[in-house]
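Residue numbers (the numbering used here): 1402 to 1574. Before any comments, here is the structure.
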């Protein structure tokens, strides 16, 4: 039997944010068995790679091209167990995720049930039941990635990137 190879849409932090999160991981006394290269926020699980519909990347490309999906901010301000979480600062990310689900469903893609609770795990394994405030950690999400998780090897393979395009100009003042 083959190990699962689930496909996900992730938002991955830039290197400087991943380094900051790794520092917090140590400061908070969390297990270091989860390296910064794996830090991410799951936007949407899709399916096992072996069950992916033909042309999945093309379907995702079309979905992103057909919706107004602008960059948005992820901002986490507390640690709950082993994961960074946030509150109202994640409103735009929630809206983006809901728009993506609606678009993919309208395009005929069958999606698994998923309760979207934005977070970024800093460790896996048992953790005390606690929620503590932290200095905020966040980044501007400029792209989402189609990622294959390689179970048993502890790594992610990026298969495609989808740029979030700012549709409105900004003033330089």
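Built from N, CA and C at the ideal position, the CB exists for glycine as well. It should be emphasised that the depicted structure is a prediction, and the values quoted were computed from it without experimental measurement.
If you run the structure through DSSP and keep just helix, strand and coil, what is residue i?
| i | result |
| --- | --- |
| residue 1422 | helix |
| residue 1431 | coil |
| residue 1505 | helix |
Which residues in the same chain have their Cβ closer than 7 Å to the Cβ of residue i, if we skip the five residues on either side of it in sequence?
| i | result |
| --- | --- |
| residue 1544 | 1562, 1563, 1564 and 1565 |
| residue 1431 | 1483, 1523 and 1524 |
| residue 1537 | 1476, 1477 and 1478 |
| residue 1467 | 1504 |
| residue 1465 | 1563 |
| residue 1450 | 1406, 1408 and 1549 |
| residue 1412 | 1441, 1442, 1444, 1475, 1542 and 1545 |
| residue 1414 | 1422, 1440 and 1540 |
| residue 1517 | 1495 and 1498 |
| residue 1507 | none |
| residue 1535 | 1425, 1478, 1479 and 1480 |
| residue 1461 | 1547, 1561 and 1563 |
Hey, could you find the ends of the beta strand (DSSP E) residue i is sitting in?
| i | result |
| --- | --- |
| residue 1554 | Here residue 1554 belongs to no beta strand (DSSP E), and DSSP marks it neither H nor E. |
| residue 1517 | Per DSSP, residue 1517 belongs to no beta strand (DSSP E) and is neither H nor E. |
| residue 1533 | 1532-1542 |
Looking only at its own chain, which residues have a Cβ that is under 8 Å from the Cβ of residue i, when we skip the five neighbours before and after it?
| i | result |
| --- | --- |
| residue 1373 | An answer regarding residue 1373 cannot be provided, because it is not within the stretch 1402 to 1574 covered by the chain. |
| residue 1530 | 1482 |
| residue 1453 | 1408 and 1447 |
| residue 1427 | 1433 |
Does the beta carbon of residue i fall short of 6 Å from some heavy atom of the ligand ADP?
| i | result |
| --- | --- |
| residue 1561 | In the structure on display, the ligand ADP does not appear, and there are no ligands present to speak of. |
Per DSSP, residue i forms a beta bridge with which residues?
| i | result |
| --- | --- |
| residue 1408 | 1448 and 1549 |
| residue 1564 | 1544 |
| residue 1442 | 1412 |
Looking only at its chain, what residues have a beta carbon closer than 6 Å to the beta carbon of residue i, apart from the 5 residues adjacent to it on each side?
| i | result |
| --- | --- |
| residue 1482 | 1528 |
| residue 1606 | This structure leaves residue 1606 out entirely; the chain is present only between 1402 and 1574. |
| residue 1509 | none |
| residue 1473 | 1493, 1494, 1497 and 1542 |
| residue 1519 | 1442, 1491 and 1494 |
| residue 1515 | 1446 |
Comparing the C-beta of residue i with each C-beta of chain B, is any distance below 7 Å?
| i | result |
| --- | --- |
| residue 1426 | No chain B is present in this structure, which holds just one protein chain. |
query: Quick one: complete beta strand (DSSP E) runs, 3+ long, within the region 1448-1503?
result: Counting only runs of at least 3 residues, the region 1448-1503 fully encloses the following beta strand (DSSP E) elements, listed from N- to C-terminal order: 1473-1481 and 1484-1486.
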